[in-house]
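Report on the structure given below.
There are 4 protein chains.
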Amino acid sequence: MPEAPTIEYHYQVMFFDTDCAAVVHNLAYLRIIETARTLLAAQLGFDMPAMAKDGVYPVLLRTEADYRRPAKLCDHLIVRGRLESIERVRFWVGFEVVDAAGTCFVTCRQSLALIKMPEARPLRLPAEWSTRFAHLR
Amino acid sequence: MPEAPTIEYHYQVMFFDTDCAAVVHNLAYLRIIETARTLLAAQLGFDMPAMAKDGVYPVLLRTEADYRRPAKLCDHLIVRGRLESIERVRFWVGFEVVDAAGTCFVTCRQSLALIKMPEARPLRLPAEWSTRFAHLR
Amino acid sequence: MPEAPTIEYHYQVMFFDTDCAAVVHNLAYLRIIETARTLLAAQLGFDMPAMAKDGVYPVLLRTEADYRRPAKLCDHLIVRGRLESIERVRFWVGFEVVDAAGTCFVTCRQSLALIKMPEARPLRLPAEWSTRFAHLR
Amino acid sequence: MPEAPTIEYHYQVMFFDTDCAAVVHNLAYLRIIETARTLLAAQLGFDMPAMAKDGVYPVLLRTEADYRRPAKLCDHLIVRGRLESIERVRFWVGFEVVDAAGTCFVTCRQSLALIKMPEARPLRLPAEWSTRFAHLR
């Protein structure tokens, strides 16, 4: 049966995440989401240090983020992420940043590809993905 | 004649903008674009410290960013930004991050609103905008 | 018996922590240490959101950081922190960033004070600290 | 006559530099100082992209920063930096972050070395420095 990889990452808001409007800054959410994305990538089977040795990196192609409500200092955020769909070289992941009460702060979709550096050449996604994530094609 | 506010902001890539793939990190572009956006906001007539005293902040509602080519350490980036359209409470701005040779690294669209904090209440855009930027409605 | 508050915080290195030298960037260590410092502050009894409502913030007065060895992408870092000494308005905290094998990447000492904003007035440390942390005076 | 390399870098405080205490965050000053340091390095003759091709990077060994007064959103900061002293492999740079009225926000001293990566081997400073900066030994 095909997998549907998901991740849940807990994070408490720090001073450096906030700005002088006393809310979490838009860049901070994307940094927090990036941590969740890296944990999701580990679940997808990416061994980052090994890939880096071969000059292969998961590279962000597109970000769409909607900022819905402001989070504050010390808030306990939950980032829920999932693999949403796969193409030949590109895959999409989706995230919500919520709290335990169900308030939704940010939603975000991102597409990525595996890129061979330094020539910046996109690679095909792993062959096994087409069966492993058949329902996401 | 209605204005079409634009901005051009020059930036040289620093170590802290890069990551171990030896390219500019996706979050760094958005920070650089935010500086351009703040300069554009000044042109639109926003006096941030005065607004902050009243608890009014321009708040990001949505970001769409496409990462097209990788920039590198010490690259001289040019961020070109413009006011793209205005609604009743929301306005859209657009940016390209390019270099002098015309290479395009990132394109980005963002919508914002003026928010009264701490109640997080959206305000109408300034009344004068409907004539000043009539062609962008 | 007087307490000796300590903290241990685990952190895995992310792409945004690294730079194009393929090592963790000096600013990233200080951000990671700040998270450990905030967890230590909770142990010291600081209720940040409550203090923020009163306009009181723990503010950094001085940082001394020694960068000893380079950490890399996906390394599992351990930040060990402790309250080192207290004065009338100032207190000192110390941190080491190590890994499970005992490699030491960074050591850091920082002094802080409680500051009443917006007038930026330093407050005396809590009266109970002189008994609670008597051995650290 | 020996040189005394100095730099002056102007910077306006952005939202992402501030935190919920409505002042510039301690990490932001160090990022701003890093930009000044990179401009100073160019004056010292460092060609970063060429050095990076050879795997040579100026690496921070120690930071000492004193946070003296809080800067705020949109403040116009001036970072003044200078080469302070040189040793065999290590050199020291110093910075003040001030404004046009002479208020001093932060002072900072940092030592660096040229490091050959990936083996993390410190290199001797350029031979010409011992005459060029004779008075700083």
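In order, the protein sequence lines correspond to chains Z, Y, W and S.
Positions in the first sequence are counted from 1; adding 491 to them yields the working numbering.
Positions in the second sequence are counted from 1; adding 491 to them yields the working numbering.
Positions in the third sequence are counted from 1; adding 491 to them yields the working numbering.
Positions in the fourth sequence are counted from 1; adding 491 to them yields the working numbering.
C-beta atoms are modelled at their ideal positions from N, C-alpha and C, and glycine is treated no differently.
| query | result |
| --- | --- |
| 8 Å Cβ cut-off: residues of chain Y touching residue 529 of chain Z | None at all; the shortest Cβ gap to chain Y is about 12 Å. |
| Three CB pairs or more closer than 8 Å across the stretch 528-537 of chain S and the stretch 520-538 of chain Z | no |
| At least 3 beta-carbon pairs within less than 8 Å: the stretch 505-519 of chain S vs the stretch 515-526 of chain Y | yes |
| Residues bridged to residue 567 of chain W [DSSP beta-bridge criterion] | W/503 |
| Start-to-end residues for the beta strand (DSSP E) that takes in residue 616 of chain Z | Taken as a continuous stretch (DSSP letters only), residue 616 of chain Z belongs to no beta strand (DSSP E), as it is neither H nor E. |
| Any non-hydrogen atom of the ligand SAH within 7 Å of residue 551 of chain Y CB | Absent from the structure shown: the ligand SAH. Ligands present: none. |
| Length of the line joining the Cα atoms of residue 574 of chain S and residue 498 of chain S | 9 Å |
| Contact set for residue 555 of chain S: own chain, Cβ-Cβ below 8 Å, skip 5 residues either direction | 599, 600, 601 |
| At least 3 beta-carbon pairs within less than 8 Å: the stretch 509-522 of chain Z vs the stretch 616-627 of chain Z | no |
| Sequence-distant residues of the same chain with beta carbon closer than 7 Å to residue 502 of chain Y, five excluded per side | 523, 568, 570 |
| Closer than 9 Å at the beta carbon, the chain S residues around residue 543 of chain Y | 513, 563, 564, 565 |
| Closer than 8 Å to chain W by CB, residue 610 of chain S | no |
| Any chain Y beta carbon closer than 8 Å to residue 555 of chain Z | yes |
| Minimum Cβ-Cβ distance from residue 540 of chain Z to chain W less than 8 Å | yes |
| Whether residue 550 of chain Z touches residue 614 of chain Z by CB criterion (8 Å) | no |
| Expected contact under 8 Å - CB spacing of residue 564 of chain S and residue 543 of chain Y to nearest Å | 6 Å |
| Where residue 558 of chain S meets chain W, residues with beta-carbon distance less than 9 Å | 550, 551, 552, 553, 554 |
| CB contact below 8 Å: residue 501 of chain Y versus chain W | no |
| Between the CA atoms of residue 559 of chain Z and residue 495 of chain W - distance to the nearest angstrom | 42 Å |
| Residue 592 of chain Z - DSSP class collapsed to helix/strand/coil | coil |
| Collapsed DSSP secondary structure at residue 609 of chain S in the structure displayed | coil |
| Proximity of residue 572 of chain Y and residue 584 of chain Y at Cβ, strictly below 8 Å | yes |
| Three-way DSSP call (helix, strand, coil) for residue 525 of chain Z in this model | helix |
| Reference residue 609 of chain S; option with closest CA among W/517, W/547, W/552, W/562 | W/562 |
| Span separating the alpha-carbon of residue 620 of chain Z from that of residue 596 of chain Z | 31 Å |
| Endpoints, beta strand (DSSP E) assigned at residue 549 of chain Y | 547-558 |
| For residue 618 of chain S, the nearest candidate out of S/592, S/545, S/577 (CA to CA) | S/577 |
| Residue 545 of chain S burial status per 10 Å Cβ neighbour count (16 or more: buried) | exposed |
| Residue 574 of chain Y, DSSP secondary structure in three states | strand |
| Interface flag, residue 522 of chain S vs chain W, CB-CB below 8 Å | yes |
| Any chain Y beta carbon closer than 8 Å to residue 525 of chain S | yes |
| Short CB-CB distance (under 8 Å) between residue 507 of chain Y and chain S | yes |
| Euclidean distance between Cα positions of residue 557 of chain S and residue 517 of chain Y | 31 Å |
| Separation of residue 607 of chain Y from residue 616 of chain Y, as counted between CA atoms | 12 Å |
| Close-in-space but distant-in-sequence residues of the same chain around residue 566 of chain Y (CB under 8 Å, 5 per side omitted) | 503, 504, 515, 590 |
| Interface residues of the stretch 586-607 of chain S facing chain Z [CB-CB below 7 Å] | none |
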